[in-house]
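Before any comments, here is the structure.
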Amino acid sequence: MVAKFDLNDDNVVVVIGTGAGGGVLSNELAQKGVKVVALEAGGRYLPEDYVNDEWESFGQLAWTDPRTTSGDWRVSRDFSGLPAWIVKAVGGATTHWAGASLRIQEHEFKTQTHYGNVEGASLLDWPITLADLEPYYDKAEKKLGVTRTNGIPGLPGNNNYKVFEAGAKKLGYKEVHTGRMAINPVDHDDRMACQQTGFCFQGCKWGAKWSAAYTDIPRGEATGNLEVREHAHVARILHNDQGKVTGVEYFDKDGALQMQKARVVCVAGNSLESPRMLLNSASSMFPDGLANSSGMVGKNYMRHMTGSVYASFDKPVRMWRGTTMAGIIQDEARHDPSRGFVGGYELETLGLGVPFMAAFLDPGAWGRSFTSAMDSYENMAGMWIVGEDMPQESNRVTLNDAVKDKWGLPVANVHFTDHPNDIAMRDHAYRQGKAVYEAVGATRTFPTPPYPSTHNLGTNRMSAKAQDGVVNKWGQSHDIDNLFISDGSQFTTGAAENPTLTIVSLAIRQADRIASEMTRKAL
Amino acid sequence: MTKETNSTTLTRRALLSRAASAGSLAVIGGGFMAAPNASWALTVNVISSHQMATVFQMARDIYPHDQIGDEYYVIAVKGYDNDGAKDMIAEGVAALDASAQAAGFADYVSVGWESDRVKLLTAMEDTGFFQTIRGGLVTGLYNQKAVWPIFGYEGESFSQGGYLDRGFDDINWL
Chain D
0 MVAKFDLNDD NVVVVIGTGA GGGVLSNELA QKGVKVVALE AGGRYLPEDY
50 VNDEWESFGQ LAWTDPRTTS GDWRVSRDFS GLPAWIVKAV GGATTHWAGA
100 SLRIQEHEFK TQTHYGNVEG ASLLDWPITL ADLEPYYDKA EKKLGVTRTN
150 GIPGLPGNNN YKVFEAGAKK LGYKEVHTGR MAINPVDHDD RMACQQTGFC
200 FQGCKWGAKW SAAYTDIPRG EATGNLEVRE HAHVARILHN DQGKVTGVEY
250 FDKDGALQMQ KARVVCVAGN SLESPRMLLN SASSMFPDGL ANSSGMVGKN
300 YMRHMTGSVY ASFDKPVRMW RGTTMAGIIQ DEARHDPSRG FVGGYELETL
350 GLGVPFMAAF LDPGAWGRSF TSAMDSYENM AGMWIVGEDM PQESNRVTLN
400 DAVKDKWGLP VANVHFTDHP NDIAMRDHAY RQGKAVYEAV GATRTFPTPP
450 YPSTHNLGTN RMSAKAQDGV VNKWGQSHDI DNLFISDGSQ FTTGAAENPT
500 LTIVSLAIRQ ADRIASEMTR KAL
Chain F
0 MTKETNSTTL TRRALLSRAA SAGSLAVIGG GFMAAPNASW ALTVNVISSH
50 QMATVFQMAR DIYPHDQIGD EYYVIAVKGY DNDGAKDMIA EGVAALDASA
100 QAAGFADYVS VGWESDRVKL LTAMEDTGFF QTIRGGLVTG LYNQKAVWPI
150 FGYEGESFSQ GGYLDRGFDD INWL
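Residue numbers (numbering that gives the first Met the number 0), protein chains in the order written: chain D, 0 to 522; chain F, 0 to 173.
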């Protein structure tokens with residue numbers, strides 16, 4: 000049943016990337032009868048292939064092709080070649096994600112309106128509202144089987160959550176629960192229930208966590224309308240004299256350059272690779288790269304204001320047992336400038352194993368301060384901070400012509416420096432996280448710096464006006480009608496919430512738009 | 000010190016009686032090294048016993064865990080005994096010994112107190128040598144499955160069906 004399309008078939012939609020954006024879009028289009036070729040840079044791994052070992056799994060799934068970094072962020076110092084911790088595989092980062100599925104809040108679609116003029120920030124209202132996206136959030140929550148929606152119960156709380164919840168309640172927080180998670184608490188949609196195994200970040204071996212790798216991708220393939228080409232590394236997107244895109248050049252699994260013709264091209268390679276592809280596609284007609292008349296391709300890179308707080312207690316917690324992200328505090332997600340910053344943040348439990356704790360607790364640290372922390376590993380609880388960061392044009396993805404990947408293509412350089420608002424918010428979150436744990440007897444707390452980015456956003460942002468961004472409210476590029484952006488790079492601003500549910504919702508919505516525009520021959 | 004070419008024939012007693020002091024290691028000669036309690040043994044072929052003993056002591060001082068035995072640190076650093084690392088190790092150990100001598104000690108492994116050794120390491124912590132040794136230990140030490148139980152970490156649980164019925168929510172002190 001799996002389709003096989005000819006390289007010269009110029010009636011196909013080519014989708015680049017198969018994660019939350021590209022994987023969902025490919026399936027949604029295929030379900031509507033649209034012919035899709037999905038180009039995936041990585042290989043295909045399924046639950047039986049996943050490895051419950053942090054470094055071994057990293058070697059299996061992570062995108063480790065070269066990238067470079069600059070700017071004041073600590074990741075650039077500690078992990079200079081690894082700005083992001085994302086996945087190169089069929090299903091993309093949906094294999095690795097924690098499963099947190101939150102809707103963006105109404106005011107977060109209108110930050111310019113609600114936050115006002117924040118110096119140094121390139122805030123902009125989204126060209127869509129929460130009301131526009133709500134029907135698609137409904138569909139996305141059904142697709143992913145999100146807990147606390149559609150009658151699906153919440154997950155049970157593990158030890159790490161119980162510590163977190165007890166501290167939160169002593170502090171007076173009200174919105175504390177085991178989250179809205181795309182992890183089955185009971186068997187659902189041909190996937191089994193969570194067995195509290197841990198290793199959510201390494202791919203769920205039970206298939207209890209939603210991933211495009213074993214839901215949307217095979218379902219799309221089953222229609223006969225979707226062909227997924229693995230180990231297909233895109234070099235550039237081609238266009239004709241009329242300025243329409245006509246196909247995609249890629250290196251196949253054997254390193255041979257191929258060209259797939261296309262009626263429409265949808266770019267969903269994550270916020271680092273998507274702008275890189277557009278910039279690497281520069282031509283005499285588009286000397287600054289495709290879809291870049293605004294100059295915004297690659298700019299306004301956002302990664303969420305993040306950090307972690309770990310805490311040691313005098314008794315065991317064993318935070319690695321069970322769901323990695325097992326609960327949430329949402330009280331700080333509101334916009335309340337009296338705290339000294341605009342926007343808000345979520346607190347979500349997180350646990351790391353010994354190997355990753357050693358690497359990420361305080362990168363570069365050594366000596367007894369560090370090792371005595373590791374010695375109390377069994378007695379540790381942990382949480383992750385995820386909040387809205389300010390878009391800044393100077394935070395950007397550019398081509399590094401001095402460094403080439405194995406195909407000879409310039410790699411992405413990722414430049415990032417915190418905005419003062421990001422720093423004020425992080426400091427506030429560190430204080431609150433520490434207070435949560437001290438309320439239940441923490442003997443020591445650790446304000447842990449951000450990990451390599453997992454939420455990469457904004458580098459092809461959506462805007463009402465063509466001069467302000469790269470794509471319109473459908474994710475369609477302002478400059479080229481048949482070129483779409485289908486991943487988190489189209490986010491106008493980052494909001495406080497984990498982005499996957501919104502990426503999925505936008506992909507479902509975009510599939511409707513592309514299919515209807517194809518039907519009326521506008522594409 | 001006698002040159003011993005067939006080290007494996009040594010008895011533990013003979014081994015210990017011939018040991019020259021090198022920090023907490025016994026250096027027998029001929030590149031053969033062993034723990035004073037004979038819990039492990041190692042033969043170095045490319046770098047010297049003194050260099051290996053120094054790197055081992057650095058490892059203990061960079062990531063000191065008193066409950067973790069020497070054998071795990073040896074596993075973490077024994078890979079430096081190769082041609083690719085030889086020059087880096089020779090230069091780094093020489094620099095560390097020179098700074099120890101400038102501080103009035105015979106060499107690095109002769110410094111009795113950890114706090115004095117840490118001062119010497121702190122002075123060189125921005126060097127490529129120090130950062131290579133430290134960075135290698137992050138995975139070389141903490142990614143050894145055998146050390147995980149010492150931290151209480153249980154590793155994978157899929158093969159046992161996860162923790163759903165095995166204590167994912169068994170905390171009893173809150």
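Yeah, the Cβ is synthetic: ideal placement off N, Cα and C, and Gly gets one too.
Neighbour flag for residue 38 (chain F) against chain D, beta carbons, 8 Å: No, residue 38 (chain F) does not count as interfacial toward chain D.
Candidates F:45, F:74, F:157: closest to residue 33 (chain F) by CA position: Relative to the Cα of residue 33 (chain F), the nearest Cα in the group F:45, F:74, F:157 belongs to F:74.
Cβ pair count under 8 Å reaching 3, the region 222-233 of chain D against the region 107-118 of chain D: Touching, no.
Chain-ordered chain D contacts of residue 62 (chain F) [CB-CB under 7 Å]: Within chain D, the residues near residue 62 (chain F) are 365, 370.
Residue 17 (chain D) - DSSP class collapsed to helix/strand/coil: Residue 17 (chain D): coil per DSSP, three-state reduction.
Whether residue 166 (chain D) touches residue 325 (chain D) by CB criterion (8 Å): No, the Cβ-Cβ distance between residue 166 (chain D) and residue 325 (chain D) is not below 8 Å.
Residue-chain proximity (residue 160 (chain F), chain D), Cβ-Cβ < 8 Å: True, the Cβ-Cβ gap to chain D drops below 8 Å.
Contact list for residue 377 (chain D) against chain F, beta-carbon separation under 8 Å: The contacting residues are 150, 151, 152.
Local conformation of residue 311 (chain D) per DSSP, three classes: Residue 311 (chain D) sits in a strand when the DSSP states are folded into three classes.
Beta strand (DSSP E) runs wholly inside the region 398-473 of chain D, at least 3 long, in chain order: Qualifying beta strand (DSSP E) stretches, in chain order: 409-414, 443-447.
Any C-beta of chain D under 8 Å from that of residue 20 (chain F): With a pLDDT of 46 at residue 20 (chain F), under the threshold of 50, the modelled position of that residue is not reliable, and the figure given next carries that caveat. Not a single C-beta of chain D is nearer than 8 Å to the C-beta of residue 20 (chain F).
Alpha helix (DSSP H) runs wholly inside the region 5-66 of chain D, at least 4 long, in chain order: With a minimum length of 4 residues, the continuous alpha helix (DSSP H) runs that stay inside the region 5-66 of chain D are 21-30, 53-60.
Residue 206 (chain D) burial status per 10 Å Cβ neighbour count (16 or more: buried): Residue 206 (chain D) comes out buried.
Same chain, Cβ closer than 6 Å to residue 20 (chain F), neighbours up to 5 away in sequence not counted: Unreliable positioning characterises residue 20 (chain F) in this predicted model, as indicated by a pLDDT of 46, which lies under 50. A coordinate reading is not provided.
Contacts of residue 95 (chain F) in chain D (Cβ-Cβ under 7 Å): Within chain D, no residue has its CB atom less than 7 Å from the CB of residue 95 (chain F), the nearest being about 15 Å off.
Test: residue 183 (chain D) CB closer than 8 Å to a CB of chain F: No, residue 183 (chain D) does not count as interfacial toward chain F.
Residues sharing a beta bridge with residue 68 (chain D), DSSP: The secondary-structure analysis by DSSP pairs residue 68 (chain D) across a beta bridge with D:413.
Distance, residue 149 (chain F) Cα to residue 66 (chain F) Cα: A direct Cα-Cα distance of roughly 7 Å separates residue 66 (chain F) from residue 149 (chain F).
Buried/exposed call for residue 82 (chain F), threshold 16 Cβ in 10 Å: Residue environment analysis places residue 82 (chain F) among the exposed positions, since fewer than 16 neighbouring C-beta atoms fall within 10 angstroms of its C-beta.
Beta-carbon spacing of residue 16 (chain D), residue 269 (chain D) below 8 Å: In this structure, residue 269 (chain D) lies closer than 8 Å to residue 16 (chain D) by Cβ.
Residue range of the unbroken beta strand (DSSP E) whose run includes residue 185 (chain D): Segment: none, residue 185 (chain D) is in no beta strand (DSSP E) and carries neither H nor E.
For residue 244 (chain D), the three-state DSSP class (helix, strand or coil): In the structure shown, the three-state DSSP call for residue 244 (chain D) is strand.
Alpha-carbon spacing of residue 166 (chain F) relative to residue 379 (chain D), whole angstroms: Approximately 16 Å between the Cα atoms of the pair.
Positions along the region 123-137 of chain F whose CB lies within less than 7 Å of some CB in chain D: Within the region 123-137 of chain F, the qualifying residues are 133, 137.
Unbroken stretches of the beta strand (DSSP E), 3 residues or longer, contained in the region 32-112 of chain F: Fully enclosed beta strand (DSSP E) runs of 3 or longer: 40-42.
Reference residue 347 (chain D); option with closest CA among D:356, D:331, D:359: Looking at the Cα atoms, D:331 is the closest of the given residues.
Test item: CB-CB of residue 153 (chain D) and residue 128 (chain D) under 8 Å: No.
Whole-angstrom C-beta distance between residue 145 (chain D) and residue 179 (chain D), which should lie under 8 Å: Taking 8 Å as the upper bound for CB-CB distance, residue 179 (chain D) and residue 145 (chain D) are in contact here, some 5 Å apart.
Residue 96 (chain D) - DSSP class collapsed to helix/strand/coil: Under the three-state reduction of DSSP, residue 96 (chain D) is assigned to coil, being neither helix nor strand.
Residues in the region 238-252 of chain D having any Cβ partner in chain F nearer than 7 Å: Taking a C-beta cut-off of 7 Å against chain F, none of the residues of the region 238-252 of chain D qualify.
Where residue 147 (chain F) meets chain D, residues with beta-carbon distance less than 7 Å: Residues of chain D passing the Cβ test: 353.
Beta-carbon gap between residue 350 (chain D) and residue 183 (chain D) smaller than 8 Å: Not in contact: residue 350 (chain D) and residue 183 (chain D) (Cβ atoms no closer than 8 Å).
Test: residue 16 (chain F) CB closer than 8 Å to a CB of chain D: Per-residue confidence for residue 16 (chain F) stands at a pLDDT of 44, beneath the threshold of 50, marking its modelled position as unreliable; the derived number appears in the next sentence. Residue 16 (chain F) does not count as touching chain D.
Element boundaries [beta strand (DSSP E), containing residue 260 (chain D)]: Looking at the DSSP string, the run of the beta strand (DSSP E) that includes residue 260 (chain D) is 256-260.
Residues sharing a beta bridge with residue 88 (chain D), DSSP: Beta-bridge pairing by DSSP links residue 88 (chain D) to D:42.
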